[in-house]
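A short worksheet on the structure shown next.
Protein chains: 2
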Amino acid sequence: MARRRQSVTIKHVAADAGVSLQTVSRVINNEPNVRPAMKERVQASIDRLGYVPSIAAQRMSGSRSYIIMAINDRDLTIADWRAREGRDWVDQMLLGGMLTCAKHGYRMLIELVDTHNDHVERELGAAIAALQPDGVILTPPHSENSLITRLLAKRGIPFARIGSMQDGPGIAMSMGDEHNSALATKHLIELGHERIGLIAGPTDFSLSQWRIEGWRQALGEAGLPHENYLERGDFGFESGIAAAGKLLDLDEAPTAIIASSDQMALATLEVAGKRGLSVPRDLSLVSFDNSPIVRFTRPPLTAVDQPIAATISRAVELLIEPPEDNPGHEPVIVEGELVVRGSTATAPRRDG
Amino acid sequence: MARRRQSVTIKHVAADAGVSLQTVSRVINNEPNVRPAMKERVQASIDRLGYVPSIAAQRMSGSRSYIIMAINDRDLTIADWRAREGRDWVDQMLLGGMLTCAKHGYRMLIELVDTHNDHVERELGAAIAALQPDGVILTPPHSENSLITRLLAKRGIPFARIGSMQDGPGIAMSMGDEHNSALATKHLIELGHERIGLIAGPTDFSLSQWRIEGWRQALGEAGLPHENYLERGDFGFESGIAAAGKLLDLDEAPTAIIASSDQMALATLEVAGKRGLSVPRDLSLVSFDNSPIVRFTRPPLTAVDQPIAATISRAVELLIEPPEDNPGHEPVIVEGELVVRGSTATAPRRDG
DNA sequence: GTGAAAGCGCTAACAC
DNA sequence: GTGTTAGCGCTTTCAC
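Chains E and B are the protein sequences, given in the same order. Just so we're aligned, residue 1 is where the first sequence starts under UniProt numbering, counting upward by one. Just so we're aligned, residue 1 is where the second sequence starts under UniProt numbering, counting upward by one.
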């Protein structure tokens with residue numbers, strides 16, 4: 001392969017404008033100590049020559065790399081892609097991340113990393129050494145993997161932990177799971193439901209617990225019971241089948257169920273169907289995530305929309321331009337919304 | 001921000017192994033002229049120190065950047081992401097591209113570029129200058145934008161044109177549209193259909209024409225008519241409504257329709273429903289793309305699966321390791337498959 | 001086979 | 001305000 005060199009470098013610009021390299025550099029980086037007239041002249045040369053700084057060279061001389069690395073779980077991500085079930089978590093990350101990065105002259109790069117693995121450190125360390133990102137976005141379940149957070153902290157790389165509210169290095173961020181869960185619960189309470197079940201997520205996701213809190217609190221405020229109405233799944237379809245089954249087996253079975261993932265909601269829909277329960281007539285159903293599929297089910301599902309794009313966008317901004325007045329790393333919360341569709345309705349009249 | 005430096009550099013390794021920088025470099029790049037014993041010693045130091053070469057530095061000194069840039073149409077991509085209709089084109093690209101890149105120590109980076117725009121060259125030129133990718137993957141409608149292909153050729157950057165069979169610089173690749181279209185048509189012919197309509201895509205996508213060819217040819221071989229049975233859409237839902245309407249308005253209306261995109265197939269399904277036609281009893285329907293949604297419609301759609309992941313994966317390989325025996329840039333074709341679901345059935349008996 | 005020297009494009013540090 | 005110098009981590013010459 002031919003040795004490719006930069007066609008237009010800072011030198012060309014400097015020569016063209018009749019100034020030193022340093023002055024050009026200052027203009028590029030919008031630094032002070034350049035007279036407006038000078039700046040204009042240099043800018044003119046830049047435009048005319050079509051000069052664009054080489055990121056590699058910039059990074060080399062100790063400046064930024066202009067790269068933000070988003071880290072996803074390898075197995076989960078690949079499984080989602082292969083399954084082709086319309087989960088658009090990655091797309092929403094790109095939507096929020098790429099556009100916001102672009103606005104600041106950055107790029108976002110997705111990196112797949114195994115969490116459940118003893119060489120996370122090596123894997124991540126290699127990615128960091130190779131790419132030297134200016135910031136890293138951690139998604140669950142990486143967000144609370146201390147091997148990862150410690151490594152990042154040690155290397156002095158700013159990072160955001162999506163779905164983590166813990167103290168510690170990095171920006172803690174959440175999508176308001178407690179709030180969202182309460183929102184869904186209140187929606188059901190307003191519809192007259194008094195027995196509202198929750199199919200929670202696995203314990204290694206902090207957000208599972210937050211959703212339980214929101215649900216429990218909303219029920220408490222309304223004087224409704226939560227005992228027996230909590231089951232757990234692993235976000236997957238099969239686990240949803242089991243959990244929904246248990247809930248509907250109860251003597252005083254719930255008239256509404258909140259599922260902590262779309263797949264578990266789909267499973268609940270199926271279990272209900274098999275038992276001759278019509279949704280929403282006999283059973284109301286609220287799903288979490290609001291991925292594309294839930295609009296194509298019968299009925300379309302009322303769902304909590306996770307503001308993934310908005311959250312990642314916010315994370316990018318915080319990484320690129322850390323606020324001056326950082327009041328001690330307060331967690332950043334971007335709350336979701338409830339999208340009401342056809343799977344929730346007035347509670348069935350009590351005939352038990 | 002603290003000036004971040006590489007923690008372990010080639011110097012450390014050289015010192016540790018007691019050799020020159022050059023020897024370490026040779027080992028890293030698997031170059032000849034290193035005695036096995038020497039190589040082993042250096043490799044041991046590399047492993048022990050956990051050394052990983054800096055891509056920026058490698059790129060600086062004229063070597064590779066280890067980056068493959070995939071270029072998508074900005075507006076189309078963002079619209080898809082915003083719509084959240086489950087189109088997973090980008091995900092499939094990532095699936096095929098990232099994994100294959102990773103296998104070779106490369107990264108894939110997605111770049112959004114406006115095609116229908118007079119400053120494509122500046123936009124793309126900037127991305128290339130900043131990132132210096134070792135290869136570029138063009139997707140429609142960029143693949144046949146001569147402003148782009150010429151720029152890439154001029155800069156000597158290897159690139160693949162997905163969905164383009166034209167001669168010229170860059171690797172021409174297609175997903176076998178003509179073959180796939182014939183496949184779908186033959187499937188319908190085997191089911192006894194004699195009037196098979198096609199809703200083709202817009203003319204600025206070459207693949208639209210290829211699909212027409214495949215359909216026409218399969219019909220011709222079976223001695224069936226194609227006149228009047230061709231309509232065009234723009235891949236979008238609304239255009240599908242119009243096209244399906246026209247086809248079903250015909251005196252001798254088709255008993256089967258092939259739609260050149262999932263959205264247009266969905267539209268056809270809707271039009272059929274509105275006219276009291278049951279799919280597949282009264283009308284068989286085949287869709288193109290096989291994106292996640294088509295499994296959730298009623299009935300689930302028989303669809304041509306576009307092998308996006310496989311094609312991108314192949315493109316990456318060809319860009320990274322161009323085959324020695326390149327016989328003059330033959331187009332590379334990765335054919336799709338027909339996934340038979342519930343929307344195709346035996347042709348209705350003729351009672352007209 | 002191995003090593004030494006030069007330089008890639010840029011910025012930090014320090015002169016002036 | 002602006003220019004000069006040194007050096008980032010690596011690979012490419014070209015010696016030996």
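Here a beta-carbon is modelled for each residue, glycine too, at the ideal position from N, C-alpha and C.
{"query": "CB contact below 7 Å: Gly170 of chain B versus chain E", "result": "no"}
{"query": "Beta strand (DSSP E) runs wholly inside the stretch 133-208 of chain B, at least 3 long, in chain order", "result": "135-138, 159-162, 171-174 and 196-200"}
{"query": "Contacting positions in the stretch 302-334 of chain B - beta carbon closer than 7 Å to chain E", "result": "none"}
{"query": "Nearest-angstrom Cα separation, counted from Pro323 of chain E out to Asp134 of chain E", "result": "16 Å"}
{"query": "Cut-off 8 Å between Cβ atoms - residues of its own chain near Leu224 of chain E, not counting five sequence neighbours on either side", "result": "Ile189, Glu194, Arg195 and Ile196"}
{"query": "Beta bridge counterpart(s) of Asn72 of chain E as assigned by DSSP", "result": "E:Leu112"}
{"query": "Neighbourhood of Ala102 of chain B by C-beta distance below 7 Å, restricted to the same chain and skipping five residues each side", "result": "none"}
{"query": "Residue-chain proximity (Trp81 of chain B, chain E), Cβ-Cβ < 7 Å", "result": "yes"}
{"query": "Below-7 Å beta-carbon distance, Ser181 of chain E vs any chain B residue", "result": "no"}
{"query": "Selected residue, minimal CA-CA separation from Gly163 of chain B, among B:Thr311, B:Arg5 and B:Glu213", "result": "B:Thr311"}
{"query": "Where Leu269 of chain B falls: helix, strand or coil (DSSP)", "result": "helix"}
{"query": "Reduced DSSP secondary structure (H/G/I, E/B, other) of Thr346 of chain E", "result": "coil"}
{"query": "Selection from E:Val52, E:Arg26, E:Ser343 and E:Gln22 that minimises the alpha carbon distance to Val8 of chain E", "result": "E:Val52"}
{"query": "Minimum Cβ-Cβ distance from Gly86 of chain B to chain E less than 7 Å", "result": "yes"}
{"query": "Assigned secondary structure, Asp234 of chain E (DSSP; H/G/I helix, E/B strand, else coil)", "result": "coil"}
{"query": "Contacts around Ile333 of chain B, its chain only, beta-carbon distance under 8 Å, and the 5 residues preceding and following it disregarded", "result": "Met173, Ser174, Met175, Gly176 and His179"}
{"query": "Residues that DSSP places opposite Ser287 of chain B in a beta bridge", "result": "B:Ala303"}
{"query": "Distance, Glu85 of chain B Cα to Thr297 of chain E Cα", "result": "13 Å"}
{"query": "Ala129 of chain E and Glu111 of chain E closer than 7 Å at C-beta", "result": "no"}
{"query": "Residues that Glu337 of chain E bridges to, as DSSP identifies them", "result": "E:Asp305"}
{"query": "Per DSSP, the bridge partner or partners of Arg107 of chain B", "result": "B:Ile67"}
{"query": "Ordered list of alpha helix (DSSP H) runs contained in the UniProt domain \"HTH lacI-type\" (8-62) of chain B, each at least 4 residues", "result": "10-17, 21-28, 36-49 and 55-60"}
{"query": "Where the beta strand (DSSP E) containing Ile257 of chain B begins and where it ends", "result": "Ala256 to Ala259"}
{"query": "Residues of the UniProt domain \"HTH lacI-type\" (8-62) of chain E with Cβ closer than 9 Å to any Cβ of chain B, in chain order", "result": "Val8, Gly50, Tyr51, Val52, Pro53, Ser54, Ile55, Ala56, Ala57, Gln58, Arg59, Met60 and Gly62"}
{"query": "For Ile128 of chain B, the first and last residue of its enclosing alpha helix (DSSP H)", "result": "Val120 to Leu131"}
{"query": "Burial state of residue 366 of chain E (16 or more Cβ within 10 Å)", "result": "The displayed coordinates of chain E run from 1 to 352. Any statement about residue 366 of chain E would go beyond what the structure contains."}
{"query": "Close beta carbons around Thr302 of chain E, own chain, < 6 Å, minus the five adjacent residues each side", "result": "Val286, Val340, Arg341, Ser343 and Thr344"}
{"query": "Exposed unless 16 or more other CB atoms sit within 10 angstroms - verdict on His142 of chain E", "result": "buried"}
{"query": "Residues near Ser260 of chain E by beta carbon distance below 8 Å, same chain, minus five either side", "result": "Leu198, Ile199, Ala200, Gly201, Ser208, Arg211, Gly233, Phe235 and Phe288"}
{"query": "Backbone CA spacing between Gln6 of chain B and Pro292 of chain E [nearest angstrom]", "result": "43 Å"}
{"query": "Proximity below 7 Å, CB of Ala315 of chain B to CB of Thr255 of chain B", "result": "no"}
{"query": "Alpha-carbon spacing of Ala2 of chain B relative to Leu319 of chain E, whole angstroms", "result": "Confidence at Ala2 of chain B is low in this model, with a pLDDT of 46, below 50, so the placement of that residue should be treated as unreliable; the coordinate-derived value is given next. Roughly 14 Å between the two C-alpha positions."}
{"query": "Beta-carbon neighbours of Gly276 of chain B, restricted to chain E and to distances below 9 Å", "result": "Under the 9 Å cutoff, chain E gives no residues; its nearest Cβ is about 20 Å from Gly276 of chain B."}
{"query": "Same chain only: Cβ atoms within 8 Å of Ala70 of chain B, ignoring 5 sequence neighbours per side", "result": "Met93, Gly97, Met108, Leu109, Ile110, Glu111, Val136, Ile137, Thr139 and Ile312"}
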